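I have placed the structure first, in the form of structure tokens, so that the comments after it can refer back to it.
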Amino acid sequence: MDFTLPADLREMQTHIRHFAIHDVEARAHEIEETNRVPPELIRQAAELGLFGLSIPEEYGGVGLGMLGRCAVYEALGQGHMGFGGMVSAHASIGTSGLVKLGTPEQKQKYLPRMASGECIAGFAITEPSSGSDAANIRTRAEKRGDTYILNGTKHYISNAPIAGLLTVIAITAPEKGSKGMSAFLVEPSMPGVSVGKIDEKMGQKGALSAEVIFDNAEVPAENLLGPLDLGYREALGILTNGRVGIAARSTGAMQRLLDLSVAHAQGREQFGQPISSFQAVQFMLAEMEVDIQTSRVLWQKVAWMVDQGQDVRRMASVAKYHATEALSRVADKAVQVAGGVGYMKDAPFERFYRDQRLLRIYEGTSEIQKLIIAGDLLRAR
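In this text, residue positions in the sequence shown follow the numbering used here: the first is 2, and each later residue adds one.
What follows is the structure, encoded as structure tokens:
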């Protein structure tokens, strides 16, 4: 086994890490105060290819495999998590369905603008009645001539306030149960589609989300994505790869917190010596490093499995569950090592502590990941 990333990926990872730590972090206070990502950062992200990570080169993207994308996500995770959330929601679940299931016409229409950052994408499945229970969605799509009429409400939809395209999951055949779901490419400007007010969240400022309401929304039949009634499993398959990306971003955030903690511990003196000399602090740093290394090995393995065409349903959940839970532990220890300054908004510890909490909830809670893992284990016996 060779765990060394190819030279081109290492170089790209270095560039993205520098961008995340220096350029994005330099605007962190502005993002926190305005709840907006500055247009300059979006332009820089587009120039770096961040919006086209999963999009084939023929459509203007970078065309990275899962290993490459996750290497970038880990680097991106070292900067402002709201900014990273906005980019990854677009580059992973926002685009993966279209790349995998789209017709040549659909890809030509949307992917070039998505790769350039002109058209930000999102994925809409969560509803007021169906968060973890995604099979219970109620949004309906009824075909009338050459148009599908959508009715229902999605909520907490990442990127909805700035999106030019949403992949929307709706019921097209209620009698088929979970097998009667279909996916649609929906532009928020289409008749009958409206986006609600921006959600006010505890953290992840700049990663905007909102309700999306469909009131007799008119979606052209040609915007059906993939086969009619593609089913629950295929629809959720779009989320599976996204979970690997979250594991990688979590690993990047942990690495940043450890780096900050080590620097603080070496520079902060108490009782006439740096606190890094105290065994209690050393133990916390060591535990953080263990969580980082195990999380990194997990996302690398699962990303490799994806690129090999293997079924990663169980392992993607393993990677997301472990990394997001580990990040919570690392964030807590980082605040403890920093002491009083770790609780202050002027330092990044407090922001990372708030921002990381969402990762154990979206794209499948930790409890749902455990159910997926256990269910797959029991089916395999």
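Even for Gly, the Cβ is constructed at its ideal location relative to N, Cα and C. Predicted model, so just to flag it, every value in this text is computed and none were measured.
Under a three-way DSSP split, which group does Pro-349 fall into? helix
DSSP beta-bridge partners of Ala-142: Leu-151
Cutting at 7 Å between CB atoms, please list the residues of its own chain near Val-263, excluding the five before and the five after it. Leu-286
Let me know the secondary structure DSSP gives His-81 once reduced to three states. coil
Just the Cα atoms here: how many angstroms apart are Gln-311 and Ile-126? 25 Å
Should Met-289 and Val-303 be called a contact, given that it needs their Cβ atoms to be closer than 7 Å? no
Could you tell me whether the Cβ atoms of Asp-172 and Ala-236 are closer together than 7 Å? The sequence given here places Ile at residue 172; Asp does not occur at that position. It is not a contact, given that the beta carbons lie outside the stated cut-off.
On the premise that Tyr-157 lies in contact with Asp-200, defined as a C-beta separation below 8 Å, what is that separation, rounded to the nearest angstrom? 6 Å
Assuming Phe-185 and Ala-142 make a contact with CB atoms under 8 Å, what is their CB distance in whole Å? 6 Å
Assuming Glu-31 is part of the beta strand (DSSP E), what are its boundary residues? Here Glu-31 belongs to no beta strand (DSSP E); instead the alpha helix (DSSP H) covers 29-35.
Rounded straight-line distance, which links the Cα of Val-298 to that of Met-2: 12 Å
Considering Gly-376, what are the terminal residues of the alpha helix (DSSP H) in which it resides? 367-380
Neighbour-count burial assignment, Phe-4, 16 or more Cβ in a 10 Å radius: exposed
With a CB to CB cut of under 8 Å and the five nearest residues on each side skipped, what residues in its chain are close to Val-245? Met-67, Cys-71, Trp-300, Val-303, Ala-304, Val-307, Val-313, Ala-317, Ala-320 and Lys-321
Given a threshold of 16 other Cβ atoms within 10 Å of its Cβ, counted over all protein chains shown, does Leu-378 qualify as buried or as exposed? exposed
Through-space distance from Ala-122 to Val-100, alpha-carbon basis: 12 Å
For Leu-166, write down the residues that DSSP places opposite it in a beta bridge. Ala-122
Please determine, among Ala-218, Ser-97 and Pro-105, the residue with the shortest C-alpha to C-alpha distance to Thr-140. Ala-218
C-alpha distance - Ala-46 paired with Thr-295, whole-angstrom precision: 29 Å
Inter-residue spacing [alpha-carbon to alpha-carbon] between Leu-167 and Arg-269: 48 Å
Along the chain, where does the beta strand (DSSP E) containing Ala-320 start, and where does it finish? Run containing Ala-320: none in the beta strand (DSSP E); it sits in the alpha helix (DSSP H), 314-339.
Is the beta carbon of Gln-205 sitting closer than 7 Å to the one on Gly-86? yes
Classification of His-30 by the beta-carbon crowding that lies within 10 angstroms, buried from 16 upward: exposed
Looking at the structure shown, is Glu-176 part of a helix, part of a strand, or coil, going by DSSP? helix
Under 7 Å between the Cβ atoms of Leu-54 and Ala-92? yes
Is it buried or exposed for Val-44, if we count other Cβ within 10 angstroms and need 16 for buried? Residue 44 is actually Arg in this sequence, not Val. Label assigned to Arg-44: exposed.
Residue of Gly-243, Gln-107 and Ile-56 minimising C-alpha distance to Gly-118: Ile-56
Where Val-38 falls: helix, strand or coil (DSSP): coil
How far does the beta strand (DSSP E) with Ser-183 in it extend, from its first residue to its last? 182-187
Cβ shell of Gly-197 (< 6 Å), same chain only, five flanking positions each side left out: Ala-211 and Glu-212
Exposure label - Thr-15; buried when at least 16 CB within 10 Å: exposed
Please work out which residues of its chain come closer than 7 Å, Cβ to Cβ, to Arg-330, disregarding the five sequence neighbours upstream and downstream, and give them in chain order. Asp-292
Same chain, Cβ closer than 6 Å to Ser-277, neighbours up to 5 away in sequence not counted: Ala-266 and Gln-267
Can you give the Cα-Cα distance for Gln-370 and Gly-273, rounded to whole angstroms? 47 Å
Using the Cβ count rule (16 or more neighbours within 10 Å means buried), how would you classify Glu-364? buried
For Val-194, which beta-bridge partners are listed by DSSP? Phe-215
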